């Protein structure tokens, strides 16, 4: 039995400011239905679903997925902090590899509050409490969010220990903001000079406002299939992207060694990525495109080293040489990253997946990277979990340059979703939703036509 797993379809909403514009159920439905239409798969073929979100009650996954039909399939609800979306992806992959299913729907969504993240419960232990206590043993607390302090302290320590250039932090932010211009899903699409980023309001140590990601509302989804399913659906060959290797790990023993870098998951990231490289039998030099977890530019700096993209201790030099953008060794966060694209926690990992799949299909015509064969994804959750994923085409070849539209997701959607954002249509919803479950989720006895597709276009 083959253990290969493929991403057959992906879908996203535009990431937006938290303004109570849409409900999580509307966002989640749009991403899910788009992914199904992209894959040419009807919900009746989905055998299990995994829903990821951080802020929500009990069975929000069912609330989203029931809109596609009540078929009785198992629905799993996942929360792994900021790595929730890719944790859902990893769970879906494991379910297929175990032989329990051939078609899995993974969806991540988030409806967030404005402003910095804070604790939601005050009557129980803070999941990050022990890490925070350790951080404040050696670092003076500031008024910034605890997350910002974790990452800012780590980058400051890294720069001090490696004698790096502090300007690497705003340089990273400058690159990500510049990349966002070509990603229509980005919450922000503004270009800034290095001085504008450096002079934006200081948040914590070397972190300024324009080096930090915003809170966001949004959703993303992926349809995973087995090799057996792919072989029986040859029309998916041109767009199916193989998950060549994947590793999910939690913190390792050195997390409390007194280092600020260790506190933000450096150890688990190194463990995960080394496992991925070994499984795929490649090195970092074989990778062309990377989507990594830049919740703060400070984190990207440390992660560039942890992923082996720079030589040990040389992440600042990698940035200064221009090796994280077009014309350099790698293109990191062509989507604009979390800094510009936004960070709806449950959706982030699946949005990274969508971006990289579009690159490997050759659909990212306005931000393509020449000779793309391997794409690497890093998604981190403090406290902690990290998922590192490597993608390649099903045929193992380089991504084609502007491939012709044939019988693929672009034809089914009626546009190229990599370079254009459109809302879900009624026709797409009907194509994606169950044709067998006559008792689809409804409001007031009427079969559901989502508000998002009818009244808010």
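Residue numbers (the working numbering): 747 to 1203. Heads up, the beta-carbon is just placed ideally off N, CA and C, and yes, glycines get one too. In this text, all values refer to a predicted model and were calculated from it rather than measured experimentally.
Cα atoms of residue 900 and residue 847: separation of roughly 41 angstroms, rounded to the nearest angstrom.
For residue 1005, the CB contacts under 7 angstroms within the same chain, skipping 5 residues up- and downstream, are 903 in chain order. Judged by pairs of C-beta atoms under 8 angstroms, the region 979-989 touches the region 1101-1116, as three or more such pairs exist.
Nearest C-alpha to residue 835 among 770, 811, 798, 1065: 798.
DSSP lists 753, 1139 as the beta-bridge partner residues of residue 987. Judged by their CB atoms, residue 923 and residue 1086 are nearer to each other than the 7 angstroms cut-off.
Residue 822 has 796 as its beta-bridge partners, per DSSP.
In the three-state reduction of the DSSP assignment, residue 766 falls in the coil class. The DSSP-derived three-state label of residue 855 is strand. Between the region 958-975 and the region 1033-1051, the count of Cβ pairs shorter than 8 angstroms is three or higher; the stretches touch.
When the beta-carbon positions are compared, residue 831 and residue 854 come within less than 7 angstroms of each other. Proximity of the region 874-881 to the region 994-1013 meets the contact definition, three or more beta-carbon pairs being nearer than 8 angstroms. Taking 8 angstroms as the upper bound for CB-CB distance, residue 943 and residue 919 are in contact here, some 5 angstroms apart. The Cβ-Cβ distance between residue 1088 and residue 977 does not fall below 7 angstroms. In the pairwise beta carbon analysis, the region 1150-1164 is classified as not touching the region 762-770: fewer than three pairs are separated by under 8 angstroms. Two segments are said to touch when three or more pairs of C-beta atoms, one from each, lie closer than 8 angstroms; by this definition the region 810-824 touches the region 782-798. Every beta strand (DSSP E) stretch that sits fully inside the region 925-966 and reaches 3 residues is listed by chain position as 948-950. In the DSSP annotation of this structure, the continuous segment of the alpha helix (DSSP H) that includes residue 806 starts and ends at 806-811. Residue 1128 sits in coil when the DSSP states are folded into three classes, being neither helix nor strand. In the displayed model, residue 1117 falls within coil according to three-state DSSP, outside both helix and strand.
DSSP places residue 1062 in the helix class (H, G or I) of the three-state scheme. In this structure, the straight-line span from the alpha carbon of residue 1143 to that of residue 1119 is close to 6 angstroms. Only residues of its own chain outside the window of five on either side were considered, and among them 1065 have a CB closer than 6 angstroms to the CB of residue 917, listed in chain order.
Contact between residue 856 and residue 1091 holds: their C-beta atoms lie close to 5 angstroms from each other, under 8 angstroms.
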